[in-house]
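First the structure, in the form of structure tokens, and then the observations on it.
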Amino acid sequence: MNRAAIQSTLAGTEPERDATELTRHGSTLSWRVQWAVPLAALFDLAIHLLFSKRAPAVETHSYSLLMYEIIGVSIVLNIVQRFWMPLRSWMRHMCPIFTAAILLFGVWDVVTLGFQMLPLPYFPGPAAVLRSLISDRGLLLDSTLHSLALLVSGYAVGLLVGLVSGICIGWSGPIRYWGMPLLKVVGPIPATAWIPLAMVISPSAFVSSAGLIALAVWFPVTMLTASGISNTRASYLDVARTLGAGRTYLIFRVAIPAAVPNIFIGLFMGLGASFLTLVVAESVGVKSGLGWYVSWAQGWAEYSKVYAALIIMAAFFSTVMTLLFKVRDRVLVWQKGTIKW
Amino acid sequence: MVAFAETDASALRIREIRKSFPAPDDPVTKRLVLDGISFSVAAGELVCLIGPSGCGKSTLLRLIAGLDSTDSGELFIGSQPISEPGAERGLVFQDPNLFPWLTVRRNIEAGLVARRVLREKRNEVNEFMRLVGLEAFGGAYPHHLSGGMAQRVALARALINHPKVLLLDEPLGALDAFTRMRMQDEVLRLWENRRTTMLLVTHDIDEAIHMSDRIITDALPRPRDRSSSDFLRLRSDILELLHFAGDSATA
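Read top to bottom, the protein sequences are chains L and Z.
Everything in the first sequence is counted per the working numbering, starting at 1 for the first residue and increasing by one.
Everything in the second sequence is counted per the working numbering, starting at 1001 for the first residue and increasing by one.
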């Protein structure tokens, strides 16, 4: 994920659209919004059936089943939303996006299966990818869980060490003097560049990969925490001291809360770096996880499985990212602009 | 005699204070900001310090608060020399400096938390929120507050430690004229209720006259030159002040 994008989102500059949109629109959903999703799915289905002679029957079967399901669910939702207000506003917001996504599947189908404009086996159609997703679900679930375990352990270690070192460097002059040069020299090396060394040092592939992820997270978290702590407004510290605060209060109740917005920027940058390191480490050393699955499927030239794994990765990583955003919104409820009442 | 001793114990005494800062453009030469200031404040007194900006009023308050140290001279709270910040000297700045990550209630509690006495004194928090009229805003965050409300929270936060001396560094300087006049009466009411010794820095002569028992204009720029325009303007300012102060304040 792009750093500038993260920072602008973090600054809490997102417009407050929810409240205004609710008042601006009427209480019913227009028929266009209601029927866009089922019609798009129907369109995809028609396209696919048109070209289905070229695809194996089993692929066509699961793909059509998926489209039927989308049509069925969206019609049920259309009925439910008449009675349930929150669903209605959610649908109003999400329907255009879903419609576009479903139509993209149709385009993909036309380009690959329909006119075979892209070379096989590198660019399979959506039905083939869906079929791989279904037939390999056991292994994919297992890989996802392994990736999750590796990511969580690496991220947690990097986060803890990064917070501690960031707070020490930010608060104490002597530690900053000795620690900052080290941080500046060692930190910018991409964690993946340490892979040869990590493989030699560590007894197990899991430990070395977790260590690399921790390293990738540690640098941005330390950097941003340190700058947040050392940039604490002097007047907050002055006020706290005139209120009778000791050093513990100054660090834990003034400097750290003041640094939290900065710390979250570090957490987001660290998360992006950890995804990258995870996938690379898995495809190089570890014999499990989504990164491993991708390179394994590529080895067998089963590109539909590669795409299936990429879809899982997209869902997995964006879910983790969303979770961190939720945590941030909860913790930074005091900040102007991030508040959602 | 006993009463006098008590009074003396809570008074503020300042003797021959000197403080200089490195000049911003030339760090080698030092700029003398306070040149041998001496005065004392009796317990329960509300004293105003007035003077043009840059004359060292805020510096003086920071020295009394213990946030900076003097070059020479002595500062006493009662008989205790001042060496570091302490809860017996509250300080309110022009910017309320509320902790933005804490609600109004938690901001007011901050002094109790810092001194680790929150458990015993929790009931006082409500009392102080009522005192400044903010009972209904306990759960609000500082960025929801208007300037006057924020400054009232800052006052309550400083008062909850029952300071012997409350130092006010242009606390109403950032407020609009109406809020300012209301807040002047508010501060006076707090003072009359609690009889906290207050040292108020301001550059608003009206405010000084309206609020204070005594006005100190000692902190004036040096060196002085009888023929300079600054000197003449200052002279006429003080004459005017004496003229208007009349019977409402002693100068």
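Even for Gly, the Cβ is constructed at its ideal location relative to N, Cα and C.
Helix, strand or coil at residue i according to DSSP, with G and I counted as helix
i, result
"E1109 (chain Z)", "helix"
"M117 (chain L)", "coil"
"G1073 (chain Z)", "strand"
"T20 (chain L)", "Note on T20 (chain L): pLDDT 48, under 50, position unreliable in the model; the coordinate value appears next. In this structure, T20 (chain L) counts as helix in the three-state DSSP scheme."
"R1256 (chain Z)", "Here chain Z has residues from 1001 to 1251 only, and residue 1256 (chain Z) is not among them."
"D1068 (chain Z)", "coil"
"L238 (chain L)", "With the sequence shown as reference, residue 238 (chain L) is identified as Asp, and Leu is not the correct amino acid for it. Here D238 (chain L) sits in helix by DSSP."
"D1169 (chain Z)", "strand"
"H1162 (chain Z)", "coil"
"D44 (chain L)", "helix"
"Y1141 (chain Z)", "coil"
"A245 (chain L)", "coil"
"F268 (chain L)", "helix"
"G187 (chain L)", "coil"
"P1052 (chain Z)", "coil"
"V286 (chain L)", "coil"
"E302 (chain L)", "coil"
"V1132 (chain Z)", "coil"
"F98 (chain L)", "helix"
"P124 (chain L)", "coil"
"D1099 (chain Z)", "For clarity, residue 1099 (chain Z) is Phe in the given sequence; the question names Asp instead. Looking at F1099 (chain Z) - three-state DSSP - the assignment turns out to be coil, as it is neither helix nor strand."
"L215 (chain L)", "helix"
"M1117 (chain Z)", "With the sequence shown as reference, residue 1117 (chain Z) is identified as Val, and Met is not the correct amino acid for it. Note: V1117 (chain Z) maps to coil in three-state DSSP."
"D1204 (chain Z)", "coil"
"N1123 (chain Z)", "helix"
"D1025 (chain Z)", "coil"
"F83 (chain L)", "coil"
Cβ shell of residue i (< 6 Å), same chain only, five flanking positions each side left out
i, result
"W108 (chain L)", "P126"
"G291 (chain L)", "V279, E282 and S283"
"E59 (chain L)", "A127, A128 and R131"
"S1229 (chain Z)", "none"
"F123 (chain L)", "T112"
"Q298 (chain L)", "V306"
"A255 (chain L)", "I229 and T232"
"P121 (chain L)", "A301 and Y303"
Residue i vs residue j beta-carbon contact at 8 Å
i, j, result
"L1167 (chain Z)", "Q1184 (chain Z)", "no"
"P1142 (chain Z)", "N1107 (chain Z)", "yes"
"G211 (chain L)", "A198 (chain L)", "yes"
"S235 (chain L)", "F1093 (chain Z)", "yes"
"L1098 (chain Z)", "A1154 (chain Z)", "yes"
"D1213 (chain Z)", "E1074 (chain Z)", "no"
"D1169 (chain Z)", "V1201 (chain Z)", "yes"
"R1031 (chain Z)", "A1042 (chain Z)", "no"
"V1104 (chain Z)", "A1140 (chain Z)", "yes"
"S288 (chain L)", "S143 (chain L)", "yes"
"L323 (chain L)", "L267 (chain L)", "no"
"A258 (chain L)", "T225 (chain L)", "no"
"D1095 (chain Z)", "A1174 (chain Z)", "yes"
"L140 (chain L)", "I312 (chain L)", "yes"
"K1121 (chain Z)", "D1071 (chain Z)", "no"
"R1152 (chain Z)", "G1133 (chain Z)", "yes"
"V37 (chain L)", "S62 (chain L)", "no"
Those residues which DSSP pairs with residue i across a bridge
i, result
"V1047 (chain Z)", "Z:L1199 and Z:R1214"
"S1020 (chain Z)", "Z:L1032"
"R1015 (chain Z)", "Z:E1074"
"V1041 (chain Z)", "Z:L1012"
"P1081 (chain Z)", "Z:F1076"
Own chain residues within Cβ distance below 8 Å of residue i, not counting five before or after
i, result
"D1176 (chain Z)", "G1147"
"D44 (chain L)", "M67, I102, L103, F105, G106 and D109"
"R24 (chain L)", "Because R24 (chain L) sits at a pLDDT of 48, beneath the cut-off of 50, its placement in the model cannot be relied upon, and the following sentence gives the value as read from the coordinates. The answer is none, since no qualifying residue turns up."
"P261 (chain L)", "L10, G228, L332 and Q335"
"F317 (chain L)", "F275"
"L150 (chain L)", "F206, S209, A210, I213, L278, A281, E282, V286 and G289"
"R3 (chain L)", "Legend: pLDDT at R3 (chain L) = 47, less than 50; position of this residue unreliable, no value from coordinates given."
7 Å Cβ shell around residue i - same chain, five flanking residues per side excluded
i, result
"A1005 (chain Z)", "Bear in mind that the predicted position of A1005 (chain Z) carries a pLDDT of just 41, short of 50, making it unreliable; the figure below should be weighed with that in mind. So no residue of the chain qualifies."
"N78 (chain L)", "Q34"
"L29 (chain L)", "Q81, R88, M91 and R92"
"M176 (chain L)", "One point to set straight first is that residue 176 (chain L) is Arg, not Met, in the sequence displayed. I169, listed in sequence order."
Practice problem: Count the CB pairs spanning the region 298–305 of chain L and the region 131–140 of chain L that are closer than 8 Å, and state whether there are at least three. | Solution: Verdict: yes, contact present.
Quiz prompt | Stretch pair the region 66–82 of chain L + the region 35–50 of chain L: three plus CB contacts closer than 8 Å | solution = yes
Practice problem: Taking 8 Å as the threshold, find out whether the region 218–227 of chain L comes into contact with the region 156–168 of chain L through three or more Cβ pairs. | Solution: yes
Practice problem: Please determine if the region 237–250 of chain L and the region 1112–1131 of chain Z are in contact, where contact requires at least 3 C-beta pairs separated by less than 8 Å. | Solution: yes
Quiz item: If we count Cβ pairs, one from each stretch, closer than 8 Å, do we get three or more for the region 1031–1049 of chain Z versus the region 1196–1206 of chain Z?
Solution: Per the Cβ contact rule, the region 1031–1049 of chain Z is in contact with the region 1196–1206 of chain Z (3 or more Cβ pairs under 8 Å).
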